[in-house]
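Sequential numbering from 7 applies to the sequence shown in the numbering used here.
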Amino acid sequence: MKLRTLLTLQFLYAALGLAYLVVSYMQIRGGGVPLSKAPPGPSALLFVIYAACLVGFGVYYRQAPYRIAMAIAIPVLAFGGVLMNIVSYFQTGLEGYSSFAAWAIGAAINTYGLIWNVVAAIGAYER
């Protein structure tokens with residue numbers, strides 16, 4: 007896989023994550039239930055930092071920092087974004103989520119991002 011393709015897929019992950027958080031924030035502002043337990047503001051900041059790493063390290067081909075940053079993102083996504091969503095679902099059901107669809111979409115977005123971060127961290131791409 008070309009680095010350009012990988013970066014496009016990773017930017018898509020960031021865009022999907024931010025869109026999910028914007029919808030969640032809009033639900034809260036409208037007096038509704040947030041999509042998930044994730045606080046939209048701090049979570050959005052993490053996506054902005056993630057995207058900045060993609061630009062600063064990936065787009066400008068600083069291979070070692072890019073791979074390190076993506077390796078750091080892996081446990082964050084694997085634990086907080088994927089594993090905790092699944093464990094939480096089996097422990098408390100949909101408590102903290104607006105619906106099963108919101109839970110499934112959030113878990114799917116983070117699983118998608120996790121896959122591409124693993125590809126980046128192990129260097130399974132060509133310049």
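Ideal Cβ positions, reconstructed from N, Cα and C, are used throughout, including at glycine.
| Query | Result |
| --- | --- |
| Beta-carbon gap between LEU24 and ALA108 smaller than 9 Å | no |
| Check: LEU41 C-beta below 8 Å from any heavy atom of the ligand NAD | The ligand content of the structure shown is nil, which means the ligand NAD is not present either. |
| Complete runs of the alpha helix (DSSP H) confined to the region 59-113 [at least 4 residues] | 69-81 and 90-98 |
| Contact between the region 47-66 and the region 91-106 (3+ Cβ pairs under 8 Å) | no |
| Spatial neighbours of LEU51 in its chain, beta-carbon cut-off 6 Å, leaving aside the 5 residues before and after | none |
| Per-residue burial, SER30 [other beta carbons within 10 Å of its own, 16 or more giving buried] | buried |
| Cβ shell of ALA113 (< 7 Å), same chain only, five flanking positions each side left out | VAL88, ASN91 and ILE92 |
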